[in-house]
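Below you'll find the structure, written out as structure tokens, and then a few comments.
Chains as they are written, first to last, in our numbering: chain S, 39 to 111; chain Z, 689 to 850.
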């Protein structure tokens, strides 16, 4: 099952708080698509997910300074 | 969530009952918990006001002095700003500015802290002075502990005092 989260309107610390909470509600093996802004969220969300043992499958720009990040739990 | 491997630990002593300082405390707490740190928040003295079950003013306690203090301090809805409080007007204005700019309010951060498994404990001594009972505090408060317990739990943790 795939999950989606747009955190482009969120600010620190709710950017990675919302990602963490979304991942915690998912089953192992499920994937989460996150849309986030460049800067702080782009630097920290993928890194903190990897530190917690999740797999960052891809990070790609999707226009307007936004990026699409795929994370597998 | 608590079953995941935890690495670093952060303990926050929440002494202040000021809106802005508690906002800083909960921002640190949720940020740390979301990045896989084990977080404990120890609420003492003025900080206890944020944990009261009743958000408004309530004359909690048994003796007249404790009841007066608790009524004057109030709860979550009465937390002042540490500066430029303007008799309680500023926290409301600040909250409006925060919403407008999509910054999480104190209540939203407190909810996130609970969901992230931040451990919130109340200081036994301060509860005693202010004559507060366990039932006077909100459900998210896990325990009422003394400083020795807090320090034992905070071994190997970074401790910050707000």
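Where is the CB? At the ideal position from N, CA and C, for every residue including glycine.
Let me see if you follow: with CB-CB separation under 8 Å, is residue 804/Z close to chain S or not?
The residue given as residue 804/Z occupies position 116 in the second chain. Taking Cβ atoms only, chain S reaches closer than 8 Å to residue 804/Z, which makes this a yes.
Any beta carbon from chain Z within less than 8 Å of residue 96/S's own beta carbon?
Indexing the first chain from 1 puts residue 96/S at position 58. Output row for residue 96/S: interface = no.
Quick check: the Cα distance between residue 47/S and residue 700/Z, rounded to an integer number of angstroms?
Residue mapping note: residue 47/S aligns to position 9 of the first chain, counting from 1. Residue mapping note: residue 700/Z aligns to position 12 of the second chain, counting from 1. Taking the straight line from one Cα to the other gives about 28 Å.
Whole angstroms is fine: what's the gap from residue 773/Z's alpha carbon to residue 55/S's?
Stepping through the second chain from its first residue, residue 773/Z is reached at position 85. Stepping through the first chain from its first residue, residue 55/S is reached at position 17. Computed Cα separation, rounded: 29 Å.
Just curious, the alpha helix (DSSP H) that residue 754/Z is in, first and last residue?
For the purposes of this step, residue 754/Z is identified with residue 66 of the second chain, where counting begins at 1. Taken as a continuous stretch (DSSP letters only), the alpha helix (DSSP H) holding residue 754/Z covers 752 to 761.
Going along chain S in order, which residues have a C-beta closer than 9 Å to the C-beta of residue 738/Z?
Taking the first residue of the second chain as position 1, residue 738/Z is located at position 50. What residue 738/Z touches in chain S: nothing, since even the nearest Cβ is about 18 Å away.
Let me see if you follow: with CB-CB separation under 8 Å, is residue 689/Z close to chain S or not?
Taking the second chain and counting its residues from 1, the one referred to as residue 689/Z is at position 1. Residue placement at residue 689/Z is flagged as unreliable, the pLDDT there being 49, under the threshold of 50; a coordinate-derived value is accordingly withheld.
Which residue comes first and which comes last in the beta strand (DSSP E) that contains residue 726/Z?
Start at 1 with the first residue of the second chain, and residue 726/Z comes out as number 38. Per DSSP, residue 726/Z belongs to the beta strand (DSSP E) from 726 to 731.
DSSP on residue 717/Z, reduced to helix/strand/coil?
Residue 717/Z sits at position 29 when you count from the first residue of the second chain. Helix.
Per-residue contacts from residue 51/S into chain Z (C-beta, under 7 Å):
As a first step, residue 51/S is located in the first chain; it is residue number 13 there, counting from the start. Near residue 51/S (Cβ distances below 7 Å), the residues of chain Z are 715, 718, 719 and 722.
Assigned secondary structure, residue 703/Z (DSSP; H/G/I helix, E/B strand, else coil)
Counted from its first residue, the second chain places residue 703/Z at position 15. If DSSP states are grouped into helix, strand and coil, residue 703/Z belongs with coil.
Please tell me whether residue 847/Z and residue 713/Z are closer than 8 Å, where the distance is taken between their beta carbons.
To locate residue 847/Z, count along the second chain from 1; it is residue 159. To locate residue 713/Z, count along the second chain from 1; it is residue 25. No; because the gap between Cβ atoms is not below 8 Å, this pair is not in contact.
So residue 744/Z and residue 762/Z are supposed to be a Cβ contact under 8 Å. How far apart are they, rounded?
Residue numbering aside, residue 744/Z sits at position 56 when the second chain is read from its first letter. Residue numbering aside, residue 762/Z sits at position 74 when the second chain is read from its first letter. Confirmed, about 6 Å.
Please report whether the beta-carbon of residue 792/Z lies at a distance below 8 Å from any beta-carbon of chain S.
Looking up residue 792/Z in the second chain gives position 104. So, interface residue.
In its own chain, which residues sit with a C-beta less than 6 Å from the C-beta of residue 826/Z, not counting the 5 before and 5 after it?
Sequence index remark: in the second chain, residue 826/Z carries index 138 (1-based). Closer than 6 Å at Cβ, skipping near neighbours: 739 and 741.
Could you tell me which chain Z residues have their CB closer than 7 Å to the CB of residue 58/S, listed as they occur along the chain?
As a first step, residue 58/S is located in the first chain; it is residue number 20 there, counting from the start. 722 and 804, listed in chain order.
Beta-bridge partners of residue 845/Z, as assigned by DSSP
Taking the first residue of the second chain as position 1, residue 845/Z is located at position 157. The partner list for residue 845/Z (beta bridge, DSSP) reads 697/Z.
CA-to-CA distance, residue 802/Z to residue 81/S, given in whole angstroms:
Stepping through the first chain from its first residue, residue 81/S is reached at position 43. Stepping through the second chain from its first residue, residue 802/Z is reached at position 114. In a straight line, the C-alpha of residue 81/S is about 26 Å away from that of residue 802/Z.
Mark residue 836/Z as exposed unless 16 or more other C-beta atoms lie within 10 angstroms of its C-beta, in which case mark it buried.
Here residue 836/Z corresponds to residue number 148 of the second chain, with the count starting at 1. Exposed is the call here.
Could you list which residues in chain Z have their beta carbon closer than 8 Å to that of residue 69/S, in chain order?
Position 31 of the first chain, counted from the start, is the residue given in the question as residue 69/S. Going along chain Z, no residue has its Cβ under 8 Å from residue 69/S, so there is no contact; the nearest lies around 18 Å.
Helix, strand or coil at residue 99/S according to DSSP, with G and I counted as helix
As a first step, residue 99/S is located in the first chain; it is residue number 61 there, counting from the start. DSSP places residue 99/S in strand when its eight states are reduced to three.
Check whether chain S comes within 8 Å of residue 833/Z, counting only Cβ atoms and requiring the distance to be less than that.
In the second chain, counting from the first residue as 1, residue 833/Z sits at position 145. No, because no Cβ of chain S sits closer than 8 Å to the Cβ of residue 833/Z.
Checking contacts by CB at 8 Å: is residue 104/S closer than that to chain Z?
Stepping through the first chain from its first residue, residue 104/S is reached at position 66. Judged by the 8 Å Cβ criterion, residue 104/S is not in contact with chain Z.
Grouping DSSP H, G and I as helix and E and B as strand, with all else coil, what is residue 817/Z?
Position 129 of the second chain holds residue 817/Z. Correct three-state label for residue 817/Z: helix.
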